[in-house]
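Going by the working numbering, the first residue of the sequence shown is number 2, and it counts up by one from there. Glycine included, each C-beta is placed from N, C-alpha and C at the ideal position. To start, the structure itself, in structure tokens.
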Amino acid sequence: MMNNILIYLFQSAMCLGILYLVYYFLLRKDTMFSLNRIYLLTIALFSVFIPLLNIPLGGSSITGGYVVSLEEIRVSWGTESGMIQKLDFFTVLLSIYLLGVAVLLIRMFISIIRIILLVRNNEMIETNGARIIVSDQNISIFSFLNLVFVSRQLYQRSELQPILIHEQTHIKQLHTLDLFIAEFLTIVQWFNPAAWILRRSIHENHEFLADKEVLESGYNIRSYQIKIIEELFDVQHIPVTHSFNKSITSKRLIMMKKTKSPGWAKYKVLLALPLAAILFLIFACSQNDTELLSGEDPEKTEESIVYLKPDVMAEFPGGNMEMRKYIATNLKYPVEAAENGVQGKFYIQFVVNEKGKVEQFINEKGEGDLPPPPPPKDLNKTSDGDPPPPPPEPETVEANGVVVVAFKPPEDQKTKYDPRHVELLEEEALRVILSMPDFSPAMKDGKPVKTMFTLPINFILQ
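Here's what the structure looks like:
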């Protein structure tokens, strides 16, 4: 589950970053502000929703396939508890991510509360169809939803009309909605520089649109620019609003005098379509997520099918971290294996069935038989002799059961292990896996289904 969240965030950030480059290099200097607004909002929504889609390209019966790979668990001989748990890297990453989200959500709510207090504690005046909140605080003039906020000092000055037209344009064109979309995107992708740059670009483009409306209403460019500069100093700025901003002003002044872009320039946006199509194919389209394990007959019944990509993955009570704690607490290093210096890593696959139970291993030899461990790699061979055998091919399992996929001795191991001692480690690992309590089953199309996990267990001698 945690892995899936992090993968989604990575894919979403990639979509946004790649598509924003089209705007940055091809569109941002053009005067097609309405088209730019549509493009910026489109790529924001595209990056959020496309990685969530999963469109099958057709079914297939394949060898191997995707399974849930869990973090390695280490079993150490010679410590008080007999266990060393590897830090769950994905849990740490997700915790840091959620902390960042919480901080930015609090920041946004504080901004909204400040606006609500301004509305409740100050006078509202309606002028020329505009609802104006006149504040005794020294705030910058800004708009939010259908309200314009202005300090009393500024309101009592003359020549306020062009500034009001500017803010009313934000209201009429629903620019606050764009800002909320951009704000939520930066909260979800606070780690992604492209999200912050996109939010700034959306804000800049809103200012260009509002300035264009003021100038088209008949105001002199030079007089309007002087008015903007006058309003920039000694004021407070509230996030999630349209207020005068010093860092954006120079770009606004340039855009006001810029020659209108030629009509053909709007077709540059079409260059984003191939990129969007590629991203769609990469992140939204996939092979049919009902995959058969190797060696399975496609004609077998539904009972033999393991869903490797269900809608909801099976989960141990309390999550993967609790499962790791359970296994680490119950695993014991076999004394005989430890005394004979046997150590190494097992890769164990296990199936969780429709009832959430870890199934017993079944093979052609009969129920309960365990597959013998593959022969360890012989590192005593010299270059003059026969080359060492290749790593053993991973063993597969029928749709029901638990199986040791592979055993990997330490790389510096010079002698062969006694297979009986290796089997002791294997049996202990399988014992604990089979003793686990019931999972919440995986779900596919609203129905419980089987699914598979792969768990590395590393036996280490200190």
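Reduced DSSP category for residue i - H, G, I as helix; E, B as strand; rest coil
{"i": "LEU462", "result": "strand"}
{"i": "GLU368", "result": "Legend: pLDDT at GLU368 = 39, less than 50; position of this residue unreliable, value from coordinates given subsequently. GLU368: coil per DSSP, three-state reduction."}
{"i": "SER262", "result": "coil"}
{"i": "TYR334", "result": "coil"}
{"i": "LEU254", "result": "helix"}
{"i": "PRO101", "result": "First, the residue type needs correcting, since residue 101 is Gly and not Pro in the sequence shown. Three-state DSSP puts GLY101 in a helix."}
{"i": "LEU54", "result": "coil"}
{"i": "GLY345", "result": "strand"}
{"i": "LYS417", "result": "coil"}
{"i": "LYS30", "result": "coil"}
{"i": "SER295", "result": "With a pLDDT of 39 at SER295, under the threshold of 50, the modelled position of this residue cannot be trusted; read the value that follows with caution. The answer is coil: DSSP assigns SER295 none of H, G, I, E or B."}
{"i": "ASN139", "result": "coil"}
{"i": "PRO375", "result": "At PRO375, the pLDDT of 48 sits below 50, so the modelled position is not reliable; the number obtained from the coordinates is stated separately. Correct three-state label for PRO375: coil."}
{"i": "SER436", "result": "coil"}
{"i": "PRO311", "result": "coil"}
{"i": "GLY18", "result": "helix"}
Residue from the options whose Cα sits closest to the Cα of residue i
{"i": "PHE91", "options": "THR416, GLY320 and GLY447", "result": "GLY320"}
{"i": "GLN344", "options": "VAL151, SER48, MET453 and TYR418", "result": "TYR418"}
{"i": "ILE349", "options": "VAL120, LEU118, PHE181 and PRO457", "result": "PRO457"}
{"i": "ASN129", "options": "ALA45, LEU165, LYS213 and LEU54", "result": "LEU165"}
{"i": "SER48", "options": "GLN190, GLN169, ARG29 and ASN139", "result": "GLN190"}
{"i": "LEU10", "options": "MET314, LEU431, LEU94 and ASP413", "result": "LEU94"}
{"i": "GLU205", "options": "GLU217, ILE113 and LEU254", "result": "LEU254"}
{"i": "GLU214", "options": "VAL403, TYR156, PRO335 and HIS167", "result": "HIS167"}
{"i": "PHE110", "options": "ILE188, GLU160 and GLN169", "result": "ILE188"}
{"i": "ILE8", "options": "LEU53, VAL405 and LEU22", "result": "LEU53"}
{"i": "VAL359", "options": "ASN193, THR455 and GLN12", "result": "THR455"}
{"i": "ASP465", "options": "ILE461, MET324, LEU426 and LEU118", "result": "Only positions 2 to 463 of the chain appear in this structure, which leaves residue 465 out of reach."}
{"i": "PRO420", "options": "ILE249, ASN341, ILE97 and ARG432", "result": "ASN341"}
{"i": "LEU27", "options": "MET453, ILE227 and LEU272", "result": "LEU272"}
{"i": "TYR268", "options": "GLU427, GLN12 and VAL23", "result": "VAL23"}
{"i": "ARG115", "options": "HIS176, ILE328 and GLN138", "result": "GLN138"}
{"i": "LYS333", "options": "GLU428, GLN162, ASP31 and VAL450", "result": "GLU428"}
{"i": "HIS422", "options": "MET257, PRO335, PHE192 and VAL433", "result": "PRO335"}
{"i": "ILE249", "options": "GLY264, ILE39 and GLN226", "result": "GLN226"}
{"i": "GLY264", "options": "GLN12, TYR21 and LEU36", "result": "LEU36"}
{"i": "ASP413", "options": "VAL403, VAL450 and ILE461", "result": "ILE461"}
{"i": "ALA339", "options": "GLN154, ASN459 and ILE107", "result": "ASN459"}
{"i": "ILE142", "options": "GLU232, LEU100, SER224 and GLU160", "result": "GLU232"}
Beta bridge counterpart(s) of residue i as assigned by DSSP
{"i": "ARG132", "result": "GLU127"}
{"i": "SER441", "result": "GLU316"}
{"i": "MET453", "result": "VAL352"}
{"i": "VAL404", "result": "GLN350"}
{"i": "LYS409", "result": "LYS346"}
{"i": "VAL359", "result": "VAL353"}
{"i": "LYS448", "result": "LYS445"}
Beta carbon of residue i nearer than 7 Å to that of residue j
{"i": "MET33", "j": "SER262", "result": "yes"}
{"i": "GLY357", "j": "SER441", "result": "yes"}
{"i": "ARG200", "j": "ALA183", "result": "yes"}
{"i": "PRO1", "j": "LYS448", "result": "The requested residue 1 does not occur in the structure, where the chain is confined to residues 2 to 463."}
{"i": "SER202", "j": "LEU41", "result": "yes"}
{"i": "SER218", "j": "ILE172", "result": "no"}
{"i": "ASP147", "j": "SER136", "result": "First, the residue type needs correcting, since residue 147 is Asn and not Asp in the sequence shown. No."}
{"i": "PHE347", "j": "VAL405", "result": "yes"}
{"i": "ALA430", "j": "MET314", "result": "no"}
{"i": "ILE6", "j": "PHE284", "result": "no"}
{"i": "LEU180", "j": "ALA45", "result": "no"}
{"i": "ALA195", "j": "GLN169", "result": "no"}
{"i": "GLU337", "j": "LEU425", "result": "yes"}
{"i": "VAL120", "j": "ILE133", "result": "no"}
{"i": "MET257", "j": "ILE222", "result": "yes"}
{"i": "ILE19", "j": "LEU274", "result": "no"}
{"i": "VAL433", "j": "ILE328", "result": "yes"}
{"i": "THR416", "j": "VAL353", "result": "no"}
{"i": "ALA407", "j": "ASP31", "result": "no"}
{"i": "LYS163", "j": "TYR220", "result": "Checking the sequence, you will find Pro at residue 163 rather than Lys. Yes, these two residues count as a Cβ contact at 7 Å."}
Residue i: CB within 6 Å of a non-hydrogen atom of the ligand FAD
{"i": "SER141", "result": "Ligands in the displayed structure: none, and consequently the ligand FAD is not present."}
Fill in: alpha helix (DSSP H) segments (min. 4 residues) lying fully within the segment 152-234
Taking only runs of at least 4 residues, the alpha helix (DSSP H) segments lying wholly in the segment 152-234 are 153-156, 162-173, 176-189, 194-217 and 222-231.
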